[in-house]
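Enquirer:
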Amino acid sequence: MSLPLRMFVDGCWVEAVSGRTFDSIDPYTGQPWAQVPEAGAADVDRAVAAARAAFDEGPWPRLAGVERARVIRRLARLLEEHAEELGVIEVRDNGKLLREMAGQAALLPEFYDYFAGAADKIGGEVLDSAKSNFFVYQLFEPVGVVGAITPWNSPLLLTAFKLAPALAAGCCFVHKPSEHTSVSALRFAEITAEAGVPDGVYNVVTGDGPNVGEPLVSHPGVDKVSFTGSVATGIRVSKAAAEHLAPVSLELGGKSPNIVFADADLEAAANGVVAGIFAACGQTCIAGSRLLVERPVHDELVERVVGRARDIILGNPMDPATEMGPLAYAAHWDKVMGYIDIGVAEGAELATGGRRPERFGDGLFVAPTVFCGVDNSMRIAREEIFGPVLSVIPFEGEAEALSIANDSPFGLAAGVWTRDVQRVHRMVRWLQAGTVWVNSYRTLNYDVPFGGYKMSGHGRENGLDGLREFLHTKSVWVEMSGATRDPFKLG
Ligand code: NAD
Numbered sequence: 179m180s181l182p183l184r185m186f187v188d189g190c191w192v193e194a195v196s197g198r199t200f201d202s203i204d205p206y207t208g209q210p211w212a213q214v215p216e217a218g219a220a221d222v223d224r225a226v227a228a229a230r231a232a233f234d235e236g237p238w239p240r241l242a243g244v245e246r247a248r249v250i251r252r253l254a255r256l257l258e259e260h261a262e263e264l265g266v267i268e269v270r271d272n273g274k275l276l277r278e279m280a281g282q283a284a285l286l287p288e289f290y291d292y293f294a295g296a297a298d299k300i301g302g303e304v305l306d307s308a309k310s311n312f313f314v315y316q317l318f319e320p321v322g323v324v325g326a327i328t329p330w331n332s333p334l335l336l337t338a339f340k341l342a343p344a345l346a347a348g349c350c351f352v353h354k355p356s357e358h359t360s361v362s363a364l365r366f367a368e369i370t371a372e373a374g375v376p377d378g379v380y381n382v383v384t385g386d387g388p389n390v391g392e393p394l395v396s397h398p399g400v401d402k403v404s405f406t407g408s409v410a411t412g413i414r415v416s417k418a419a420a421e422h423l424a425p426v427s428l429e430l431g432g433k434s435p436n437i438v439f440a441d442a443d444l445e446a447a448a449n450g451v452v453a454g455i456f457a458a459c460g461q462t463c464i465a466g467s468r469l470l471v472e473r474p475v476h477d478e479l480v481e482r483v484v485g486r487a488r489d490i491i492l493g494n495p496m497d498p499a500t501e502m503g504p505l506a507y508a509a510h511w512d513k514v515m516g517y518i519d520i521g522v523a524e525g526a527e528l529a530t531g532g533r534r535p536e537r538f539g540d541g542l543f544v545a546p547t548v549f550c551g552v553d554n555s556m557r558i559a560r561e562e563i564f565g566p567v568l569s570v571i572p573f574e575g576e577a578e579a580l581s582i583a584n585d586s587p588f589g590l591a592a593g594v595w596t597r598d599v600q601r602v603h604r605m606v607r608w609l610q611a612g613t614v615w616v617n618s619y620r621t622l623n624y625d626v627p628f629g630g631y632k633m634s635g636h637g638r639e640n641g642l643d644g645l646r647e648f649l650h651t652k653s654v655w656v657e658m659s660g661a662t663r664d665p666f667k668l669g
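Using the working numbering, read the sequence shown as starting at 179 and increasing by one per residue.
1. Once you ignore the five residues that flank W615 on each side, which residues in its own chain have a CB closer than 6 Å to its CB?
2. With distances taken Cα to Cα, identify the nearest neighbour of F405 among G399, N389, E421 and P425.
3. Need the endpoints of the beta strand (DSSP E) that V475 sits in, please.
4. Once you ignore the five residues that flank G182 on each side, which residues in its own chain have a CB closer than 6 Å to its CB?
5. Only counting runs of 3 or more residues, tell me where the beta strand (DSSP E) segments fall wholly within the segment 337-388, in order along the chain.
6. For D221, which option in G531, R198 and G431 has the closest C-alpha, if you only look at C-alpha atoms?
7. Taking C-alpha atoms, which residue in Q316, A442, L335 and C463 lies nearest to L430?
8. To which residues does DSSP link M502 through a beta bridge?
9. Does the ligand NAD have a heavy atom nearer than 7 Å to the CB of T328?
10. How many whole angstroms separate the CB atoms of T370 and L286, which I take to be in contact at a CB cut-off of 8 Å?
11. Tell me which residues share the same chain as M502 and place their Cβ nearer than 7 Å to its Cβ, disregarding the 5 neighbours each side in the sequence.
12. A347 and L649 look like a contact to me (Cβ under 8 Å); what is the Cβ gap, rounded to whole Å?
13. Thinking C-beta only, is A529 closer than 8 Å to V484?
14. Which residues share a DSSP beta bridge with S134?
15. Considering only DSSP beta bridges, list what V567 is partnered with.
16. In this structure, how does DSSP classify N697 when only helix, strand and coil are distinguished?
17. Tell me whether the segment 226-245 and the segment 312-331 touch, counting them as touching only if at least three CB pairs, one residue from each stretch, are closer than 8 Å.
18. In the structure shown, what three-state DSSP assignment does M185 receive?
19. Start and end of the beta strand (DSSP E) containing W615?
20. What does C178 pair with, by DSSP beta-bridge criteria?
21. For F339, does the count of other Cβ atoms within 10 angstroms reach 16, so buried, or fall short, so exposed?
22. Is any heavy atom of the ligand NAD found at a distance shorter than 7 Å from the C-beta of V590?
23. With distances taken between CB atoms, is the gap from F654 to V570 smaller than 8 Å?
See the structure below:
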């Protein structure tokens, strides 16, 4: 029997207005394990009204920052206690490794602690204005009600990117998690209540994009939209929010280049390439899915990466020895396998993988896959696959590396592997990406801004840039001389 769950609105546990539910499927067993309310526009109305009232009349935005910080820190301590449990829930929902999801859950307290530390330092700033008869200052104020939409690949971590700064700023929040991974948000909601987050400040509505996500971002009661997901959905979300001119921040997909020069430490680079594409089965926005490798070391590096790919241990994501579990859901498995067929049809050379390993029957597994001889114009080099599929593209020299790296609709991240410090700075300067790792790959932290260039989105999460996404600037002019002035002239 699967676990029946309810949504969290205005501090209460509620069923969908329609009374309908849907199943959350465990991707490893293929079985339903939780029943989640299937919300609709009426449920969104209810949640937005609760957040609206909490923002317009409730205590949260009116508390001193230090008081909000206390609540956020209590939340962080409770998250520490529940990290393992939250990690297990996320594995059951998205099939990623327990070590990855429990590791992410263990990071959550750090995000909430960091932004708790910022909550009482928001204040404002006095300006030394040339209008010297005025005392001029700026206040930084919460933007209001946030409509937040998250994907399935790192549910609570990506929620923390949004919620931790939003809470610190004094905003109220309506969250729609992915329909594939709703359960952890509901358990998390319970923990926010225990921490003392006031009713209506954090609300969760569950269901799919068209019936819940779209009404949420279109809702005139939402002051700011914060979205993480695919480019196609990001565009739809932007258009819907534009109807009521709500500002939108978008964290979207990527096709990130991992660029290895001939002078690199090849062992470290191979390890970084494997981390970039096979960790989490490549189901990460920052996947280093294009390996750009300088010709003199091409064969040696490919041999190392292919060798490691063949040794990757596939299996039960709960097993500590497993390195890759199943993909998150059946339609996604179909999409990834479809891209492998496209790669073969485009003439790329399949160096390893490209199939479902037989021992998993019809489980959602994909063998770690490496395509060599890829041209950057092929679809497997241009489109986000979001699976364990690496496209290897050879290059000659720095200029060609940069030109291939930047010839992409995306600009989320890039890796550069070289021992030449001058080249490092030249590459970093011209790579069109929101994050560049040098001699490393796949590192993030609460205190470092993260976000994309080009079709990878706009706005930043984490660090103080992430906090500013949830703040308005109010400029205040206080006349000090007592003089009157020409009423028909701009002063
Ligand atoms: P998705 O776009 O299919 O769904 C994301 C969320 O949007 C889900 O909650 C979904 O229900 C909702 N949604 C769908 N249609 C909607 C609509 N019309 N209006 C409002 N909401 C709607 O993406 P996904 O498959 O869940 O996640 C994978 C994608 O997310 C990948 O492209 C990945 O790169 C991206 N991603 C980006 C980051 C980042 O920080 N840049 C992080 C993780 C994932």
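Where a beta carbon is used, it is the ideal one built from N, C-alpha and C, also for glycine.
Expert: Answer, in terms of the structure:
1. G593, listed in sequence order.
2. P425 is the residue among G399, N389, E421 and P425 whose C-alpha sits nearest the C-alpha of F405.
3. No beta strand (DSSP E) holds V475; the alpha helix (DSSP H) holding it covers R473 to D489.
4. This sequence places Pro at residue 182; Gly is not what is there. The answer, listed in chain order, is Q213.
5. The segment 337-388 contains these whole beta strand (DSSP E) runs: 350-354 and 380-382.
6. With respect to the C-alpha of D221, the residue from G531, R198 and G431 having the closest C-alpha is R198.
7. Relative to L430, the option among Q316, A442, L335 and C463 whose CA is nearest is C463.
8. Paired residue(s): L492.
9. Flag set: Cβ of T328 near the ligand NAD.
10. With a Cβ gap of about 12 Å, T370 and L286 do not count as contacting.
11. Only F456, C459, I490, L492, P546 and P566 meet the Cβ criterion.
12. Right, the Cβ-Cβ distance comes to about 5 Å (below 8 Å), so this counts as a contact.
13. In this structure, the beta-carbon distance from V484 to A529 falls below 8 Å.
14. Any answer about residue 134 is impossible in this case: the structure gives the chain only from 179 up to 669.
15. Per DSSP, T547.
16. Given that the chain is displayed from residue 179 to residue 669, the structure contains no residue 697 and the question cannot be resolved.
17. As far as the Cβ criterion goes, the segment 226-245 touches the segment 312-331, which means the pair count is three or higher.
18. M185 falls in the strand class under three-state DSSP.
19. For W615, the enclosing beta strand (DSSP E) begins and ends at T613 to V616.
20. The question about residue 178 has no answer here: the residues shown for the chain are numbered 179 through 669.
21. F339 comes out buried.
22. In the sequence as displayed, the identity of residue 590 is Leu instead of Val. Correct: L590 has its Cβ closer than 7 Å to the ligand NAD.
23. One point to set straight first is that residue 654 is Val, not Phe, in the sequence displayed. No. Outside cutoff.
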